[in-house]
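**Student:** Dropping a structure here in structure tokens format, bear with me for questions.
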Amino acid sequence: MKAVLVSAGVAPDRLVDLSHDLPAHGVEEAAFLLREMARGFPPDTVHVAVVDPGVGGRRRAVAVVTRAGPLLVGPDNGVLAPLAEELGLSAAFRIEATRLHRPNRIGTTFDGRDVFAPAAALLAQGWDPAELGPPVTPARYVLPSPERTPTGAVGEVLHVDRFGNLITNIPTRWVRAGVSRMTVRFATGSGRELPWVTSYEAIGRGSLGCLGSSFGLVELAVREGRASDRLRARVGSAVGLEWGRTPASTSANAKSARPRKRR
Amino acid sequence: MKAVLVSAGVAPDRLVDLSHDLPAHGVEEAAFLLREMARGFPPDTVHVAVVDPGVGGRRRAVAVVTRAGPLLVGPDNGVLAPLAEELGLSAAFRIEATRLHRPNRIGTTFDGRDVFAPAAALLAQGWDPAELGPPVTPARYVLPSPERTPTGAVGEVLHVDRFGNLITNIPTRWVRAGVSRMTVRFATGSGRELPWVTSYEAIGRGSLGCLGSSFGLVELAVREGRASDRLRARVGSAVGLEWGRTPASTSANAKSARPRKRR
Amino acid sequence: MKAVLVSAGVAPDRLVDLSHDLPAHGVEEAAFLLREMARGFPPDTVHVAVVDPGVGGRRRAVAVVTRAGPLLVGPDNGVLAPLAEELGLSAAFRIEATRLHRPNRIGTTFDGRDVFAPAAALLAQGWDPAELGPPVTPARYVLPSPERTPTGAVGEVLHVDRFGNLITNIPTRWVRAGVSRMTVRFATGSGRELPWVTSYEAIGRGSLGCLGSSFGLVELAVREGRASDRLRARVGSAVGLEWGRTPASTSANAKSARPRKRR
């Protein structure tokens, strides 16, 4: 991909590698991380995402125009959707390989090199996205939503980071102020009461704790260990948190915080 | 290596990282990947390869001049040879450490930092390769050749990618047009009939299939799984493919497609 | 972090990635590697290190000014200390998040993005480090010192590289000239006599040997294998080397080369 970009006239100093370590085939996790990592790049950025288990199949290749400015290029499998939503979807165009002025393709399994990088190079040099192909309505993918319960929240794991920390989709700001412990419950298994802390250091070495992650979302972590192994959890695992009623609120028929069994 | 290059006057914006994840000690696989990844870089590129299990021993360090323009720098263990052949070998020079104007070496195990990066920095700034040392004939290494059989082809695995897909050395264009299945046979074990498809999506989830890889070579893959684990295959594993006789051709004493046991 | 740097006006061509593969939580090993990898970068470099198990806790964030020129930014947990010592500690300032003109933090677990990258961006653009916060005395961390014994040296493992090679803290130049073998002893287990060589190639395939690493320190390696697995050693493992008395030196009450049991 870099050779294609550089040989198409994109200077190496305009390339920024965001990640080469995303889990294979994890479209949902990549969609979340792309949205998070893309934040802060300037309006003239072209973001290219290649998490593409359906390459060569029926899924389209698309270029997405956003109201905030950045252009997004990748497979139309939802990986671009959360970022497009955040930046404001303005238009999208199917990328037709025949318009890329590239030599014949030699395979059907690496559109990153054969389709996305050539398209991104053209866009980076000022091509109008509408020249890549006809307008399309891009695939939708909405990250799973958490729900409040009378005593906490239910949600799921969006991301397992390289330390094995579990990042849920439950906003840190939902956690009741003043809480020092909360009960964490997975779909299977009973709840565990864990400390709610502001640093890994405040968790006993090798123990579990909850804290506000750098994504603004509740995180479960083992200090200097891997929460994903300890809790046998992964992307998509349902999780419930209970931090108790706020003193002001009382509700006779509160929903349980036990998460629904997922799929 | 980057510190050496930058401190020798090579601007960071001229550095492009190709890969830091090559398998340790795999000279043959690296030789293949270097040739593939280098394609498309401009004629004034200096390619540096450091897959070098013989560092500190008898193997020489070389700078290779190609007819197409790029210069190649690395150990003379064959890792540069396939790329040199593709670009057209014009001349090669042994790199003598004493000509690099570097402080004394502090070890003998990292010529990437101590020899190749300094030499590449000089070449990137216009030094004549002949100033690095005397002319030499570089080590030859020819990637293993596939062979056609009356009903298919035999070859071997050149590369296991990070998804565990097996890239063989059998050209995709050899596969008979209109084929929808082929029999795959490893040196040990009986043949398996697998679908010949154009996308991972066309393989059942968790099942095996064959397709034309992005290298223009036949690839064996498990959809969202690891073919290398499933087939217990690795770089160098012999593989035979049978897609049947073309209707026009009949040959009484066809060679069997069972691959030779390797080494 | 890259988004923060780029959006704060640092051109992508001024960013150099040193490593994204350091072992999690390994402050001591990272401190050693940062010192080694930073060598050779120009005086106007801002080095940023984010190995930070204490993030969000009591440890401070610091910017260190060195006499040699480079500025260092990171957690004040010792990771910067060996490099600061090598470059000459001139002054250090606590980084106060409120001075960074950043939007409110959304978590307490990723100061790389929220504190160190913004501070580094300001320093790269010419801010005076004293504007980041009050002067402080940075945390000290001295890499463990090896000791000579009458017949060799004792020390410990500083680094396990990606090949599983063990880099000790015993200087290669301490090894007696002319030695061809040495006895290697870990805290537990008896000694092994290993060849002292100048290349991996001089070790039998799959066997253990000792050589002078690229760090100028004695290294234990398995040729095309992993010494860390073979010897069950890791960072901090105590190691003793015996290469015998130099002919000139004799000492009646020599200390044993058996390493002390560590912590």
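Chains as they are written, first to last, in our numbering: chain B, 1 to 263; chain H, 1001 to 1263; chain S, 2001 to 2263.
The beta carbon of each residue, even a glycine, is placed where N, CA and C say it ideally should be.
Locate the beta strand (DSSP E) running through H/F1093, then write down its first and last residues.
**Tutor:** Position 93 of the second sequence, counted from the start, is the residue given in the question as residue 1093 of chain H. Looking at the DSSP string, the run of the beta strand (DSSP E) that includes H/F1093 is L1089 to R1094.
**Student:** Output the distance between the C-alpha atoms of B/L15 and B/A8, rounded to the nearest integer angstrom.
**Tutor:** Residue 15 of chain B sits at position 15 when you count from the first residue of the first sequence. Residue 8 of chain B sits at position 8 when you count from the first residue of the first sequence. Roughly 13 Å separates the two Cα atoms.
**Student:** Beta carbons nearer than 9 Å to chain B: which residues of the region 1186 to 1216 of chain H have them?
**Tutor:** Answer set for the region 1186 to 1216 of chain H: V1197, T1198, S1199, Y1200, E1201, A1202, L1211, G1212, S1213, S1214, F1215 and G1216.
**Student:** Is the CB-CB distance between S/L2208 and S/V2222 below 8 Å?
**Tutor:** Within the third sequence, the letter at position 208 stands for residue 2208 of chain S. Within the third sequence, the letter at position 222 stands for residue 2222 of chain S. The answer is yes: Cβ separation under 8 Å.
**Student:** List the endpoints of the continuous beta strand (DSSP E) containing H/V1063.
**Tutor:** Within the second sequence, numbered from 1, the residue matching residue 1063 of chain H stands at position 63. The question names Val, but residue 1063 of chain H is Ala in the sequence shown. H/A1063 -> beta strand (DSSP E) spans A1061 to T1066.
**Student:** So, with DSSP's three-state summary, where would you put H/R1263?
**Tutor:** On the second sequence, residue 1263 of chain H is found 263 positions in, with the first residue counted as 1. Confidence is the limiting factor: at H/R1263 the pLDDT is only 45, short of 50, which leaves the residue's position unreliable, though a coordinate-based value still follows. Coil.
**Student:** Can you pull the chain S neighbours of B/G40, defined as C-beta to C-beta under 8 Å?
**Tutor:** Taking the first residue of the first sequence as position 1, residue 40 of chain B is located at position 40. Those are A2003, V2004, V2006 and S2007, listed as they occur along chain S.
**Student:** Determine the chain B residues that contact H/M1182 at a beta-carbon separation under 7 Å, and present them in chain order.
**Tutor:** Translated into the one-based positions of the second sequence, residue 1182 of chain H becomes position 182. The premise fails here: H/M1182 is roughly 17 Å from chain B at the closest Cβ pair, so nothing lies under 7 Å.
**Student:** Can you tell me the Cα-Cα spacing of S/P2012 and S/T2183, whole angstroms?
**Tutor:** Numbered from its first residue, the third sequence carries residue 2012 of chain S at position 12. Numbered from its first residue, the third sequence carries residue 2183 of chain S at position 183. Using only the alpha carbons, I get a separation of about 49 Å.
**Student:** Between the region 1117 to 1137 of chain H and the region 1062 to 1072 of chain H, can you find at least three pairs of beta-carbon atoms closer than 8 Å?
**Tutor:** Yes, they touch.
**Student:** Beta-carbon separation of B/L100 and B/P75 under 8 Å?
**Tutor:** Counting from one through the first sequence, the residue named residue 100 of chain B turns up at place 100. Counting from one through the first sequence, the residue named residue 75 of chain B turns up at place 75. Contact flag unset, no.
**Student:** Excluding the 5 residues preceding and the 5 following S/R2067 in the sequence, name in chain order all residues of the same chain whose CB lies nearer than 8 Å to its CB.
**Tutor:** Here residue 2067 of chain S corresponds to residue number 67 of the third sequence, with the count starting at 1. Answer for S/R2067: L2087, G2088, L2089 and S2090, listed in chain order.
**Student:** In the DSSP output, what is B/V154 paired with across the bridge?
**Tutor:** Taking the first residue of the first sequence as position 1, residue 154 of chain B is located at position 154. According to DSSP, B/V154 bridges with B/E147 and B/G240.
**Student:** Measure the Cβ-Cβ separation of B/S228 and B/E156 and say whether it is below 8 Å.
**Tutor:** Within the first sequence, residue 228 of chain B is the residue found at index 228, counting from 1. Within the first sequence, residue 156 of chain B is the residue found at index 156, counting from 1. Contact: no.
**Student:** Give, in chain order, every unbroken run of the beta strand (DSSP E) that is at least 3 residues long and sits entirely within the region 130 to 212 of chain B.
**Tutor:** Those beta strand (DSSP E) runs which fall completely within the region 130 to 212 of chain B and span 3+ residues are 147 to 149, 152 to 160, 166 to 171, 181 to 186, 192 to 197 and 208 to 212.
**Student:** Would you report the Cα separation of H/I1203 and B/S213, rounded to the nearest angstrom?
**Tutor:** Translated into the one-based positions of the second sequence, residue 1203 of chain H becomes position 203. Translated into the one-based positions of the first sequence, residue 213 of chain B becomes position 213. When rounded, the distance between both Cα atoms is 38 Å.
**Student:** Whose C-alpha, out of B/L80, B/D161 and B/S19, is nearest the C-alpha of B/A63?
**Tutor:** The residue you call residue 63 of chain B lines up with position 63 of the first sequence. Ranking the options by Cα distance to B/A63, first place goes to B/L80.
**Student:** Pull the bridge partners of S/A2121 from the DSSP assignment, please.
**Tutor:** Here residue 2121 of chain S refers to the residue found at position 121 when the third sequence is read from its first residue. BP columns for S/A2121 are empty, so no partner.
**Student:** Identify, in the order they occur along the chain, each residue of the same chain with its Cβ nearer than 7 Å to the Cβ of H/V1051, setting aside the five sequence neighbours on each side.
**Tutor:** Looking up residue 1051 of chain H in the second sequence gives position 51. The residues are L1022, G1026, V1027, A1030 and V1079.
**Student:** Which residue wins for smallest C-alpha separation from B/F32, given the options B/S190, B/V142, B/L241 and B/G189?
**Tutor:** Position 32 of the first sequence, counted from the start, is the residue given in the question as residue 32 of chain B. Looking at the Cα atoms, B/V142 is the closest of the given residues.
**Student:** How would you list, in chain order, the residues of chain B whose beta-carbon sits under 7 Å from the beta-carbon of S/H2025?
**Tutor:** As a working note, residue 2025 of chain S is residue 25 in the third sequence. Here the neighbours are E224.
**Student:** Nearest-angstrom Cα distance between S/W2196 and H/G1225?
**Tutor:** Position 196 of the third sequence, counting from 1, holds the residue named residue 2196 of chain S. Position 225 of the second sequence, counting from 1, holds the residue named residue 1225 of chain H. Distance between the alpha carbons of S/W2196 and H/G1225: 43 Å.
**Student:** Nearest-angstrom Cα distance between S/P2129 and S/F2093?
**Tutor:** Position 129 of the third sequence, counted from the start, is the residue given in the question as residue 2129 of chain S. Position 93 of the third sequence, counted from the start, is the residue given in the question as residue 2093 of chain S. Straight-line Cα distance between these residues: approximately 7 Å.
**Student:** Closest Cβ-Cβ distance between B/F116 and chain H: below 8 Å?
**Tutor:** Counting from 1 along the first sequence, the entry for residue 116 of chain B is found at position 116. Not closer than 8 Å to any Cβ of chain H, the Cβ of B/F116 fails to qualify, so no.
**Student:** By how many angstroms is the C-alpha of S/A2177 removed from the C-alpha of S/A2252?
**Tutor:** Locating residue 2252 of chain S in the third sequence gives position 252, counting from the first residue. Locating residue 2177 of chain S in the third sequence gives position 177, counting from the first residue. Any reading at S/A2252 needs caution, since the residue's pLDDT is 44, under 50, leaving its predicted position unreliable; the model's value is listed next. Going by the C-alpha atoms only, they are around 22 Å apart.
**Student:** Hey, H/A1153 and H/W1127: beta-carbon distance below 8 Å or not?
**Tutor:** Residue 1153 of chain H sits at position 153 when you count from the first residue of the second sequence. Residue 1127 of chain H sits at position 127 when you count from the first residue of the second sequence. No, the pair does not count as a contact, with Cβ atoms beyond the cut-off.
**Student:** For H/L1241, which of H/H1159, H/G1206 and H/R1192 has the nearest alpha-carbon?
**Tutor:** The count along the second sequence starts at 1 and reaches residue 1241 of chain H at position 241. Looking at the Cα atoms, H/R1192 is the closest of the given residues.
**Student:** Please work out which residues of its chain come closer than 7 Å, Cβ to Cβ, to B/I234, disregarding the five sequence neighbours upstream and downstream, and give them in chain order.
**Tutor:** Stepping through the first sequence from its first residue, residue 234 of chain B is reached at position 234. According to the sequence shown, residue 234 of chain B is Arg rather than Ile. Closer than 7 Å at Cβ, skipping near neighbours: V157, V160 and S228.
**Student:** Just verifying my parser: in three-state terms, what is the DSSP assignment at S/L2018?
**Tutor:** One-based indexing of the third sequence puts residue 2018 of chain S at position 18. Residue state, collapsed to three classes: coil.
**Student:** Starting from the beta carbon of B/V16, find every residue of chain S whose beta carbon is closer than 8 Å, and list them in chain order.
**Tutor:** Sequence index remark: in the first sequence, residue 16 of chain B carries index 16 (1-based). Chain S residues near B/V16: K2002, V2006, P2012 and L2015.
**Student:** Taking C-beta to C-beta, are S/F2041 and H/A1003 nearer than 8 Å?
**Tutor:** Residue mapping note: residue 2041 of chain S aligns to position 41 of the third sequence, counting from 1. Residue mapping note: residue 1003 of chain H aligns to position 3 of the second sequence, counting from 1. In this structure, H/A1003 lies closer than 8 Å to S/F2041 by Cβ.
**Student:** Below 8 Å on the Cβ atoms is my contact criterion, and I expect H/F1116 with H/A1061 to pass it. Report the Cβ-Cβ distance as a whole number of Å.
**Tutor:** For the purposes of this step, residue 1116 of chain H is identified with residue 116 of the second sequence, where counting begins at 1. For the purposes of this step, residue 1061 of chain H is identified with residue 61 of the second sequence, where counting begins at 1. Between H/A1061 and H/F1116 the Cβ distance is about 7 Å, and since that is below 8 Å, they are a contact.
**Student:** On the DSSP bridge assignment, give the partners of H/A1221 in chain order.
**Tutor:** Start at 1 with the first residue of the second sequence, and residue 1221 of chain H comes out as number 221. Answer is H/G1209.
**Student:** Between the Cα of S/L2083 and those of S/V2048, S/R2102, S/F2110 and S/V2136, spot the shortest distance and give me the residue it belongs to.
**Tutor:** As a working mapping, residue 2083 of chain S is identified with position 83 in the third sequence. Of S/V2048, S/R2102, S/F2110 and S/V2136, the residue nearest in Cα terms is S/V2048.
**Student:** Among B/D44, B/E85, B/F110 and B/P134, which residue has its Cα nearest to the Cα of B/R140?
**Tutor:** What you label residue 140 of chain B is simply residue 140 of the first sequence in a count that begins at 1. Comparing Cα positions, the closest option is B/E85.
**Student:** How many angstroms separate the CA atom of H/P1134 from the CA atom of H/I1095?
**Tutor:** Start at 1 with the first residue of the second sequence, and residue 1134 of chain H comes out as number 134. Start at 1 with the first residue of the second sequence, and residue 1095 of chain H comes out as number 95. Roughly 8 Å separates the two Cα atoms.
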